[in-house]
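A quick write-up on the structure given underneath.
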Amino acid sequence: MHEYPWKRPVPTPPRRGGDMSALAVAGILIALLLAGLAFQALREGRGWLVAVEFGGFAAACLAVAMERRGTGSPALAFSAVAIVSTALAVNAVVLVYDFYAGRAARRMTLPRAGVFYRMIASEDELREGMSAAADEEINEGLQALELWRSGNASYLEGRFLDALSKYDLSGRWVPSVAAYVNASAVCIELGKYDDAIRYADLALAINEECPEAWQNRGLACDRLRRLGEALAAYRRVKHAEPQNSLLSLLLGRTLRRLGQLDEAERALDQGLEVDPNDPELLFEKSLVLIRKDRRDEALPYLEGAVRRNRKHYAAYFHLANTLNRMGKLEEALHYYNLVTGLRPEYPEAWNNRGIALSKLGKTRKAIESYRKAIGLRPEYPEAWINLGLAYDSEGEVEKALEAYRRFLELAPASMSKHIELTRRRVEELQRQQAETEGGSAGSKSRLGKSRRSKSA
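For my numbering, count along the sequence shown from 1 and bump the result up by 281.
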């Protein structure tokens, strides 16, 4: 068969050393990109990502070599492209995650609503705080930052032990106010008050004027009943933040517990000037007025507190107590019912509800209320004596004696007056019982003699 020369395949000339295809150039650029990303991942302490980057880098180099030499099987080339593509895809996912995580970190609200401790949520504050210590230790600083972020995320998810561990590790990598303040806050959340003070002191060693650390220290001391230290800490914060109404509340509460009622009232008034509708400030002001025996003045503050917070069971309880003391028994009973509805496990509310019912002459219902209080707290002397009085008024002597005796077993020395009166009442009831039993025995004896004489 005749072969036409123009149909013969034209051999590809060998590529000269200086020539480079577009694919090879792209492969080199991708390899350099992956090398840079690997270095960044190493700085951030992401070992798993370094491995991904290294695999992609090696595959890109292999692809470039095969392209340059014109060698290699299609399967090998496909594998190299797949590895490079996977590495790039993983980096894209990490980039998107970091972007949204950063936005969430900037937007996150720390601490959660309804708590008095304070936390630091701004990365800027963290970076400033550790910049001096980490100038020459960039990797340590990035590791500390990543752990701090992770601690914040764990806190917001309610994983407080994990958050504490992350904050502690962040502070070990690079000591920072933000890590120690947040660790102290989580310790308060967990009830580890001594540890909270320790972390707050570590933060204050870095920045002696840090208001968040002082406030957390004050709260921890408060929980440990070290009220003098708590007061000093709160005053440091109040001096730095005079318009902080929460500090007015904490100061007022601590001063009230220390018995410094005039100072407590002044502190609370300052807070109410800033925030006149704060239910906690209104409630605390009412407690100070009650302690000063100014119940009529306390009443509007209690009413204001429950208007602004319909679930403030403590305010309802003290409102009911105040109305009870003022003789407004039906109103008091209404609020006691609200308290027991909101907080059914509150023994004091059940006990005081029983007192109001007793005053209204509803003794059987009062007995039920006292028994509910005792069921919640078996060693509750006030409820036992009230139960004894209720049974006594109903003429149920045995049950009254049982309740009185239980009261005498539990009553502290501070209730000496009630102890003495109860002992006397127990003696009276026992004497009445003996007389009744003696009278019954005498009647039976006389009846027996009469029958014998008749038979005789």
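Note that beta-carbon positions come from the ideal geometry of N, C-alpha and C, so glycine has one too. Just so you know, these numbers come straight off a predicted model, no measurement behind them.
For this session: Indicate whether the contact test is met: 3 or more Cβ pairs, each with one atom in the region 436 to 446 and one in the region 526 to 538, closer than 8 Å.
Result: Short answer: they don't touch.
For this session: Please report how far the alpha carbon of THR535 lies from the alpha carbon of ALA486, in whole angstroms.
Result: Note on geometry: alpha-carbon atoms of THR535 and ALA486 lie some 25 Å from one another.
For this session: Please state whether DSSP places THR717 in a helix, a strand or coil.
Result: Reduced to three states, the DSSP call for THR717 is helix.
Problem set entry | Contact under 9 Å by Cβ, ILE401 with ALA444 | In this structure, ALA444 does not lie closer than 9 Å to ILE401 by Cβ.
Exercise. Using the rule of at least 16 other Cβ atoms within 10 Å of the residue's Cβ for burial, across every protein chain shown, is SER354 buried or exposed?
Worked result: Exposed is the call here.
Problem set entry | Assigned exposure category for ASP559 - 16 Cβ within 10 Å defines buried | Per the 10 Å Cβ criterion, buried.
Exercise. Just checking, does the region 312 to 324 make contact with the region 346 to 363 on the three C-beta pairs under 8 Å criterion?
Worked result: With a cut-off of 8 Å, the region 346 to 363 and the region 312 to 324 do not count as touching, because too few Cβ pairs lie within range.
Problem set entry | Cβ-based neighbour list, ASN618, same chain, cut-off 8 Å, excluding 5 preceding and 5 following | Setting aside the 5 residues that flank it on each side, ASN618 is surrounded in the same chain by ARG634, each with a C-beta closer than 8 Å to its C-beta; the list follows chain order.
For this session: Please work out which residues of its chain come closer than 8 Å, Cβ to Cβ, to THR390, disregarding the five sequence neighbours upstream and downstream, and give them in chain order.
Result: Close CB contacts of THR390 within its chain, under the 8 Å cut and outside five residues either way in sequence, are with ALA402 (chain order).
For this session: Out of ARG704, ASN497, ALA305, point me to the one whose CA is closest to ALA344's CA.
Result: Nearest C-alpha to ALA344: ALA305.
Exercise. Are the beta-carbon atoms of HIS699 and ILE666 separated by less than 9 Å?
Worked result: Contact annotation: HIS699 and ILE666 have beta-carbon atoms nearer than 9 Å.
Exercise. For ARG498, is the classification buried or exposed, using 16 other Cβ atoms within 10 angstroms of its Cβ as the cut-off for buried?
Worked result: ARG498 should be labelled buried.
For this session: Indicate whether ILE478 and SER457 have their beta-carbon atoms separated by less than 9 Å.
Result: Going by C-beta atoms, ILE478 is not nearer than 9 Å to SER457.
For this session: Look at the alpha carbon of ALA671 and the alpha carbon of LEU682, and state the distance between them as a whole number of angstroms.
Result: If you draw a straight line from the Cα of ALA671 to the Cα of LEU682, it is about 11 Å long.
For this session: Measure the alpha-carbon distance for GLU524 versus PRO557 and round it to whole angstroms.
Result: In the sequence as presented, Glu is not what sits at residue 524; that position holds Gln. Approximately 13 Å between the Cα atoms of the pair.
For this session: Note down, in chain order, each residue of its chain lying with its Cβ closer than 6 Å to the Cβ of SER567, except the 5 sequence neighbours on either side.
Result: Here the set comprises ALA579, TYR582, LEU583.
Exercise. Does the Cβ of ALA302 have 16 or more other Cβ atoms within 10 Å, making it buried, or fewer, making it exposed?
Worked result: Reading off the sequence shown, one finds Ser at residue 302, where the question assumed Ala. Looking at its Cβ environment, which holds fewer than 16 other Cβ atoms inside 10 Å, SER302 is exposed.
Exercise. Should TYR461 be labelled buried (16 or more other beta-carbon atoms within 10 Å of its own) or exposed?
Worked result: Buried, because 16 or more other Cβ atoms sit within 10 Å of the Cβ of TYR461.
For this session: Taking only the alpha-carbon atoms, compute the straight-line gap between ARG645 and ALA654 and give it to the nearest angstrom.
Result: Approximately 15 Å between the Cα atoms of the pair.
Exercise. So GLY422 packs on VAL455, CB below 8 Å; how close in whole Å?
Worked result: In this structure, GLY422 and VAL455 form a Cβ contact; the two beta carbons are roughly 5 Å apart against a cut-off of 8 Å.
Problem set entry | Rounded Cβ spacing between ASN605 and ALA637 (contact assumed at less than 8 Å) | Sure, about 5 Å apart at Cβ, within 8 Å.
For this session: Kindly indicate which three-state DSSP category SER529 falls into: helix, strand or coil?
Result: In the structure shown, SER529 sits in a helix (DSSP, three-state: H, G or I).
Problem set entry | As assigned by DSSP and simplified to three states, the class of THR390 | Correct three-state label for THR390: coil.
For this session: Within 10 angstroms of the Cβ of ASN420, are there 16 or more other Cβ atoms? Answer buried if so, exposed if not.
Result: The residue in question, ASN420, is exposed, as its Cβ has fewer than 16 Cβ neighbours within 10 Å.
For this session: Could you check if GLY552 is buried or exposed, using at least 16 other CB atoms within 10 Å of its CB as the buried criterion?
Result: Under a 10 Å Cβ-count criterion, GLY552 is classified as buried, with 16 or more other Cβ atoms of the shown protein chains found around its own Cβ.
Problem set entry | PHE751, DSSP secondary structure in three states | Nothing in the structure corresponds to residue 751, since the chain is present only between 282 and 737.
Exercise. Taking the alpha carbon of GLY337 as the point to measure from, which residue in GLU348, TRP329, ARG327, ALA312 has its own alpha carbon closest?
Worked result: If you compare the alpha carbons of GLU348, TRP329, ARG327, ALA312 with that of GLY337, the shortest gap goes to ALA312.
For this session: Identify, in the order they occur along the chain, each residue of the same chain with its Cβ nearer than 7 Å to the Cβ of GLU417, setting aside the five sequence neighbours on each side.
Result: Only weak support exists for where GLU417 lies, its pLDDT of 47 falling under 50; the value from the coordinates is given anyway. Excluding residues within five positions, none has a Cβ falling inside 7 Å.
For this session: Could you tell me the boundaries of the alpha helix (DSSP H) in which SER465 lies?
Result: 458 to 471 is the span of the alpha helix (DSSP H), which, as asked, contains SER465.
Exercise. Do TYR616 and LEU600 have their CB atoms nearer than 9 Å?
Worked result: Yes, these two residues count as a Cβ contact at 9 Å.
Exercise. When you compare only the Cα positions, how much space is there between ILE434 and ARG658?
Worked result: First, the residue type needs correcting, since residue 434 is Ala and not Ile in the sequence shown. Rounded to the nearest angstrom, the gap between the Cα atoms of ALA434 and ARG658 is 39 Å.
For this session: Count the other C-beta atoms from every protein chain shown that fall within 10 angstroms of the C-beta of TRP329, then say buried if there are 16 or more, exposed otherwise.
Result: The residue in question, TRP329, is exposed, as its Cβ has fewer than 16 Cβ neighbours within 10 Å.
For this session: Taking only the alpha-carbon atoms, compute the straight-line gap between SER697 and TYR448 and give it to the nearest angstrom.
Result: So the two alpha carbons sit approximately 51 Å from each other.
For this session: Tell me whether LEU310 is buried or exposed, calling it buried when 16 or more other Cβ atoms sit within 10 Å of its Cβ.
Result: Classification of LEU310: exposed, given that the 10 Å Cβ count is below 16.
For this session: Can you tell me which of GLU470, ALA481, ARG350 puts its alpha carbon nearest to the alpha carbon of GLY395?
Result: Among GLU470, ALA481, ARG350, the Cα nearest to that of GLY395 belongs to GLU470.
Exercise. How would you call THR717, buried or exposed, if buried means at least 16 neighbouring beta carbons within 10 angstroms?
Worked result: By the 10 Å Cβ count, THR717 comes out exposed.
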